[in-house]
Amino acid sequence: MRYLFPGLLLAASLAACSEHTPDAPTATTEPATSVVSDSLLARITLDTVQQRPVINELKLTAKIAYDESRVNKVFPLVGGIVTKVNVTLGQYVKAGQVLAEIESTDIANFRSESTTATVELAKTRQELASTKELYEDGLASAREYQLAQQEVRRAQAEVQKNRQIGAIYGTQQGGAARYLVKAPAAGFVVEKTVNPRTQLRSDNDQTMFVISDLNTVWALASVYEDDIARVRPGTPAVVKTLAYPDEPAEGKIDPAFSALDPDSRVLTVRVPLQNPGNKLKPEMFATVTVASPTGASKLSVPTSALVFERSRSYVLVFKDRNNIETRNVETAGTAGGHTYLNGGVEPGERVVSRNALLLYHTLNQ
C-alpha cells in the first residue's frame, strides 16, 4: 500500500493537468468589415467628419403669445344695449368692418345736442347779419357788432366739436340712437366678451373684442436664474412647437422683462417670430433652443450617424463599399443636430449618417 499511494497521487496530478478550462471569449471592440449590397448601399447617406465650434445648447420651456404691438383692444365708447354681434371668435375681419351694434341713449343725447348746436349756429349767423346792417346804418354800436361776431364763433366751435365727437362715434351712419362698433385694424378676433342683449355702461373698462394680427407672434420663454447669463439679447434661438415639430422657426432673443417673477423665480424673455400661414397660435406649447459658442472646437458627426449598443457608441466609417469599419467613439455633447467626439475618427473620414443602425446590424449580425 505504501507503493500504491504515490502512484495514485501521480495519476491524479496528470488528470488535473489534462483538464484545461477555456478562456472567456474576448469582446470585439471593432467588428469585422463587410461588403455592402447594392440595395443597402442605395439607402445610406454619407457625411464627413468635421472640426466644428463647440456650441452649448440651452432648452427653455415656452409658449406662443400675441405680438402685443399688433393687438387692438376694442372698448365700448358709449353705454347701452348690444343689439347685434356680426363676428365670431377666430374670424378674420378687415379694418372698419362693423363688429357689433349698440342702441345707446348716449348717442341719442349726442345727436340731440348736435342738432341744437347746428340750429344755434344758424340763428347766430342771422343775428350777425342783422346786426351788421344796423351797424352799417349807424343803428347798432361797434360793441353790439363784436358781440354778434363772438356768438357766431362760439356756435361754430360747438358745431365743430360735435363733428369731431361724431367722427369718433361714427354717428354719420346708423339710426338716431345706434352706435356701430368697428374694427380698428385688420386681424383675427381672438377675444369676444359680448353677445346680443348685453348691457354696457359708459364707464365700462372691459374690452368687447380683441383683434390681433398673427403675421408675427412671440415665443415667451422662461429662463431660470442660473441660466440668465447664457441668454443675452440678440442670441439666435430656434423655436419648435408640439403641433409642428418638424417646422422650426428661427428668431433672436429680445428681452421682455427686466425682473424675475417673485413666485416662479424665472425671467421671461421673448423671441419675435414670423408666422407665415398663421400656423403658430397663441397659447401653443413650445421649446426654445438657445445656442451659445464656447470658443473651443471638436470633431463632430451628425447625431444620426451614431449607433448605441450596450452603453457604447459607434460610427460606421465608410472607406468603400468593400471596406466599412465599425468604430467605437466617445461622445462629448450634442448641438444643432451634430454630436461632438473625443476621438475615434479623423477629420475628413466619411461616416454613414442615414440608416446607420440598419447597416450596423447587417455588418455585425
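When the letters of the sequence shown are read in order and numbered with mature numbering (1 follows the signal peptide of the UniProt record, and there is no 0), they come out as residues -18 to -1, 1 to 347.
Virtual Cβ for every residue (Gly too), placed ideally from N, Cα, C.
C-alpha gap between residue i and residue j, whole angstroms
i           : j    : result
G152        : G62  : 15 Å
P4          : T316 : Any answer about P4 is weak, because its pLDDT of 36 lies below 50 and its placement is not dependable; what the coordinates show is given next. Spanning the two alpha carbons is a distance of roughly 43 Å.
P178        : Q188 : 16 Å
residue 348 : N91  : The structure shown does not extend to residue 348, since the chain is modelled only from -18 through 347, so no value can be given for it.
V31         : G216 : 30 Å
A167        : R34  : 48 Å
Q132        : G120 : 20 Å
N305        : E229 : 37 Å
K234        : V251 : 10 Å
P275        : I210 : 15 Å
Q138        : S94  : 16 Å
K143        : V172 : 34 Å
T198        : P227 : 19 Å
S240        : L42  : 18 Å
N68         : T97  : 30 Å
F57         : Q108 : 42 Å
F170        : K263 : 11 Å
G292        : A24  : The identity of residue 292 in the sequence shown is Arg, whereas the question assumes Gly. Cα-Cα distance, rounded: 28 Å.
R332        : D20  : 18 Å
R214        : D236 : 8 Å
L182        : Y161 : 12 Å
K105        : N186 : 38 Å
L255        : E50  : 13 Å
Short Cβ contact (8 Å threshold) for residue i with residue j
i    : j    : result
Y48  : S194 : yes
D29  : P258 : no
E207 : P218 : no
M190 : A77  : no
A165 : V75  : yes
L71  : K174 : yes
A287 : S335 : yes
K55  : V163 : no
S246 : A159 : no
T100 : V134 : no
V176 : V64  : yes
R303 : G326 : no
E265 : I46  : yes
Residues of its chain near residue i, where Cβ-Cβ distance is below 6 Å and the 5 sequence neighbours each way are ignored
i    : result
L224 : F267
D243 : none
V289 : Y296, A338, L339, Y342
Q73  : V171
For residue i, three-class secondary structure by DSSP
i           : result
L288        : coil
F92         : helix
G216        : coil
P254        : strand
I306        : strand
T175        : coil
E229        : coil
residue 366 : The structure shown does not extend to residue 366, since the chain is modelled only from -18 through 347, so no value can be given for it.
V327        : coil
R201        : Per the sequence presented here, residue 201 reads as Ala, with Arg not at that position. The answer is strand: DSSP assigns A201 an E or B state.
S21         : helix
residue 348 : A question about residue 348 goes unanswered here, because the residues of the chain that appear run from -18 up to 347.
I261        : For the record, residue 261 in the displayed sequence is Lys; it is not Ile. Coil, per DSSP.
R125        : helix
A77         : coil
T344        : helix
V60         : coil
V69         : coil
V31         : coil
T223        : strand
E312        : coil
Residues that residue i bridges to, as DSSP identifies them
i    : result
N186 : DSSP, once it has assigned bridges, lists no residue as partnering N186.
K114 : Paired residue(s): none; K114 is not in a bridge.
I193 : N54, V171
A44  : A203, A268
N38  : S274
D236 : R252
K164 : V80
A317 : H320
R294 : E291
S246 : Answer is none; S246 lacks a bridge partner.
K143 : Answer is none; K143 lacks a bridge partner.
Cut-off 8 Å between Cβ atoms - residues of its own chain near residue i, not counting five sequence neighbours on either side
i    : result
G318 : I37, E39, A273
A44  : A201, L202, A203, S204, V221, V253, F267, A268, T269, V270
A9   : Note that A9 has pLDDT 36, beneath the 50 cutoff, so the model's placement of it is unreliable and the number below is only indicative. Correct list: empty, nothing qualifies.
L103 : V134, A137, Q138, E140, V141
E118 : none
Spatial neighbours of residue i in its chain, beta-carbon cut-off 7 Å, leaving aside the 5 residues before and after
i    : result
S184 : V60, G61, D88
L323 : K280, L281, S282, V283, V311, E312, T313, A314
E115 : none
T113 : A122, E126, Y127, A130
F300 : L28, I306, R332, V333, V334
K66  : A82, E83, P178
CB contact below 8 Å: residue i versus chain D
i    : result
N197 : In the displayed structure, chain D is absent; only one protein chain is listed.
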